[in-house]
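Chains C and U, in that order, give the protein sequences.
Add 12 to a position in the first sequence, counting from 1, and you land on the number used in my numbering.
Add 12 to a position in the second sequence, counting from 1, and you land on the number used in my numbering.
Okay, structure first, notes after.
Number of protein chains: 2
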Amino acid sequence: MENQNISDIIESYLKQILAESQQVEIRRAEIADQFNVVPSQINYVIKTRFTIQDGYVVQSKRGGGGYIRIEKVKLLDNLDFIDSLVTAVGDHISRHDGLAVVRSLFEAGAVSRREVNIILAAIDKDAINTGDRDLDQQIRARVLISILNHLRYES
Amino acid sequence: MENQNISDIIESYLKQILAESQQVEIRRAEIADQFNVVPSQINYVIKTRFTIQDGYVVQSKRGGGGYIRIEKVKLLDNLDFIDSLVTAVGDHISRHDGLAVVRSLFEAGAVSRREVNIILAAIDKDAINTGDRDLDQQIRARVLISILNHLRYES
DNA sequence: GCTTTCTTGACTAATGTTGACTAATATTAT
DNA sequence: ATAATATTAGTCAACATTAGTCAAGAAAGC
Numbered sequence: 013m014e015n016q017n018i019s020d021i022i023e024s025y026l027k028q029i030l031a032e033s034q035q036v037e038i039r040r041a042e043i044a045d046q047f048n049v050v051p052s053q054i055n056y057v058i059k060t061r062f063t064i065q066d067g068y069v070v071q072s073k074r075g076g077g078g079y080i081r082i083e084k085v086k087l088l089d090n091l092d093f094i095d096s097l098v099t100a101v102g103d104h105i106s107r108h109d110g111l112a113v114v115r116s117l118f119e120a121g122a123v124s125r126r127e128v129n130i131i132l133a134a135i136d137k138d139a140i141n142t143g144d145r146d147l148d149q150q151i152r153a154r155v156l157i158s159i160l161n162h163l164r165y166e167s
Numbered sequence: 013m014e015n016q017n018i019s020d021i022i023e024s025y026l027k028q029i030l031a032e033s034q035q036v037e038i039r040r041a042e043i044a045d046q047f048n049v050v051p052s053q054i055n056y057v058i059k060t061r062f063t064i065q066d067g068y069v070v071q072s073k074r075g076g077g078g079y080i081r082i083e084k085v086k087l088l089d090n091l092d093f094i095d096s097l098v099t100a101v102g103d104h105i106s107r108h109d110g111l112a113v114v115r116s117l118f119e120a121g122a123v124s125r126r127e128v129n130i131i132l133a134a135i136d137k138d139a140i141n142t143g144d145r146d147l148d149q150q151i152r153a154r155v156l157i158s159i160l161n162h163l164r165y166e167s
């Protein structure tokens, strides 16, 4: 209770709203003003406390009428499995190893055969081909992890 | 939740009409007046929210009796649907336009909601993020086209 | 002390709004 | 018919309004 930093307080404030509502939509500058912090601190709070691992999905829009929307999502019970695959992918991955990850997903029943083909198309060598082999593997890793993260919850 | 900006409001207004009618025909100045904006804002709304990727075709005429007509097109009727999307994607595509393409796929019944999420995850900004925006758009285009091509074989 | 987390602000990016100018089409005058 | 004028829509660039990124420094934990 004591010695709470401002990020924790903002986190609590948002989660209090989310306890009664499926989602919360804010104007960044407004909340920053309300808690007397710089706007970018709101990004920090969201980035550190409202991740997909925590069960939150965040959307935003800039410009007039812009907003940040935090949505609470239902996490599936495959979390440990997804975690292990995310770890396996790491920050770069070859096509061959990527294939193995996707095959694991299929064998675990996490994705259908059609979905396998979509994922494979996304990480295909013709799709991701910058001419820089190392960069390709990094992009492939990010694409795969992004997909894995979306398989954590039902939308 | 509130649509704060006027462009969203005008978009909603037009789409509400399009929900019950195949097309809507407006006089630009009239709508601009109705929503208290400058006429060119109507062009902005149409350009950003009623693209072919979104499944709309826009025709207009100037001069006396001029009009802007927005027509909702049935993508399923188009046998070369995937082709048209591939063309629309081109050799580079923004996240915004990519989203529209995926939405079209879904509305055409070419992919399920689950598959939509997988594809969106694959072309997400966190997934494809080399630090070079141009390169990102190129990769996003290739990934999308790779997926589109695989969908062509499956269906 | 060293490491991690938090705070801050300068800079960047995306999106929306406005108005001056241009272009196309229709109507009217000659 | 042709030219002049009126009536529409289109383009573009400046400006406004939001959110995002990043890195430096401060504070807290160990």
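Even glycine gets a Cβ: it sits at the ideal position worked out from N, Cα and C.
Remember, predicted model here, so these are calculated numbers, not experimental data.
Pairwise C-alpha distance: residue j and residue i
{"i": "Ile94(C)", "j": "Val123(C)", "result": "12 angstroms"}
{"i": "Phe47(C)", "j": "Ser116(C)", "result": "46 angstroms"}
{"i": "Leu111(C)", "j": "Gly121(U)", "result": "27 angstroms"}
{"i": "Thr7(U)", "j": "Ile22(C)", "result": "This structure cannot settle anything about residue 7(U), because the visible part of chain U is limited to 13 through 167."}
{"i": "Lys73(U)", "j": "Ala41(U)", "result": "13 angstroms"}
{"i": "Leu91(C)", "j": "Thr63(C)", "result": "14 angstroms"}
{"i": "Arg39(C)", "j": "Gly75(U)", "result": "42 angstroms"}
{"i": "Lys137(C)", "j": "Asp20(C)", "result": "44 angstroms"}
{"i": "Tyr79(U)", "j": "Ile159(C)", "result": "44 angstroms"}
{"i": "Thr142(U)", "j": "Glu32(U)", "result": "43 angstroms"}
{"i": "Arg145(U)", "j": "Ile58(C)", "result": "24 angstroms"}
{"i": "Leu132(U)", "j": "Glu127(C)", "result": "13 angstroms"}
{"i": "Gln28(C)", "j": "Arg107(C)", "result": "44 angstroms"}
{"i": "Gln16(U)", "j": "Gly77(C)", "result": "4 angstroms"}
{"i": "Leu26(U)", "j": "Leu26(C)", "result": "34 angstroms"}
{"i": "Thr60(U)", "j": "Thr60(C)", "result": "33 angstroms"}
Contact with chain C by residue i, beta-carbon distance below 9 angstroms
{"i": "Asn161(U)", "result": "yes"}
{"i": "Ala44(U)", "result": "no"}
{"i": "Ala41(U)", "result": "no"}
{"i": "Leu147(U)", "result": "yes"}
{"i": "Arg74(U)", "result": "no"}
{"i": "Gln16(U)", "result": "yes"}
{"i": "Asp136(U)", "result": "yes"}
{"i": "Asp103(U)", "result": "no"}
{"i": "Ile38(U)", "result": "no"}
{"i": "Asp20(U)", "result": "yes"}
{"i": "Ile130(U)", "result": "yes"}
7 angstroms Cβ shell around residue i - same chain, five flanking residues per side excluded
{"i": "Lys84(C)", "result": "Leu30, Gln34, Gln35, Gly67 and Tyr68"}
{"i": "Ser52(C)", "result": "none"}
{"i": "Ala44(C)", "result": "Val50, Pro51, Gln53 and Ile54"}
Candidates the options, of which the one nearest residue i by Cα
{"i": "Leu147(C)", "options": "Ile130(C), His104(C) and Ile38(C)", "result": "His104(C)"}
{"i": "Ser24(C)", "options": "Ala41(C), Arg39(C) and Ile54(C)", "result": "Ile54(C)"}
{"i": "Leu97(C)", "options": "Ser106(C), Arg81(C), Leu132(C) and Val114(C)", "result": "Val114(C)"}
{"i": "Asp109(C)", "options": "Gln16(C), Ile80(C) and Gln150(C)", "result": "Gln150(C)"}
{"i": "Ile18(U)", "options": "Gln28(U), Glu37(U) and Tyr56(U)", "result": "Tyr56(U)"}
{"i": "Ile157(U)", "options": "Lys59(U), Gly102(U) and Ile82(U)", "result": "Gly102(U)"}
{"i": "Asn161(U)", "options": "Asn129(C), Arg164(C), Arg152(C) and Gly143(C)", "result": "Asn129(C)"}
{"i": "Arg164(C)", "options": "Thr60(C), Gly77(C) and Gln65(C)", "result": "Gln65(C)"}
Any chain U beta carbon closer than 9 angstroms to residue i
{"i": "Glu127(C)", "result": "yes"}
{"i": "Tyr79(C)", "result": "yes"}
{"i": "Leu87(C)", "result": "no"}
{"i": "Ala133(C)", "result": "yes"}
{"i": "Thr142(C)", "result": "yes"}
{"i": "Ala139(C)", "result": "yes"}
{"i": "Val123(C)", "result": "yes"}
{"i": "Ile151(C)", "result": "yes"}
{"i": "Ser158(C)", "result": "yes"}
{"i": "Val155(C)", "result": "yes"}
{"i": "Ser96(C)", "result": "no"}
{"i": "Ser52(C)", "result": "no"}
{"i": "Ser116(C)", "result": "no"}
{"i": "Ser106(C)", "result": "no"}
{"i": "Ser167(C)", "result": "yes"}
Same chain only: Cβ atoms within 8 angstroms of residue i, ignoring 5 sequence neighbours per side
{"i": "Glu166(C)", "result": "Val85, Lys86 and Leu88"}
{"i": "Val155(C)", "result": "Ala134, Ile135 and Ile140"}
{"i": "Arg125(C)", "result": "Phe118"}
{"i": "Met13(U)", "result": "Confidence at Met13(U) is low in this model, with a pLDDT of 47, below 50, so the placement of that residue is unreliable and no value is reported for it."}
Close beta carbons around residue i, own chain, < 6 angstroms, minus the five adjacent residues each side
{"i": "Arg152(C)", "result": "Ile105, Gly110, Ile135 and Ile140"}
{"i": "Ile82(U)", "result": "Val36, Phe62, Tyr68 and Val70"}
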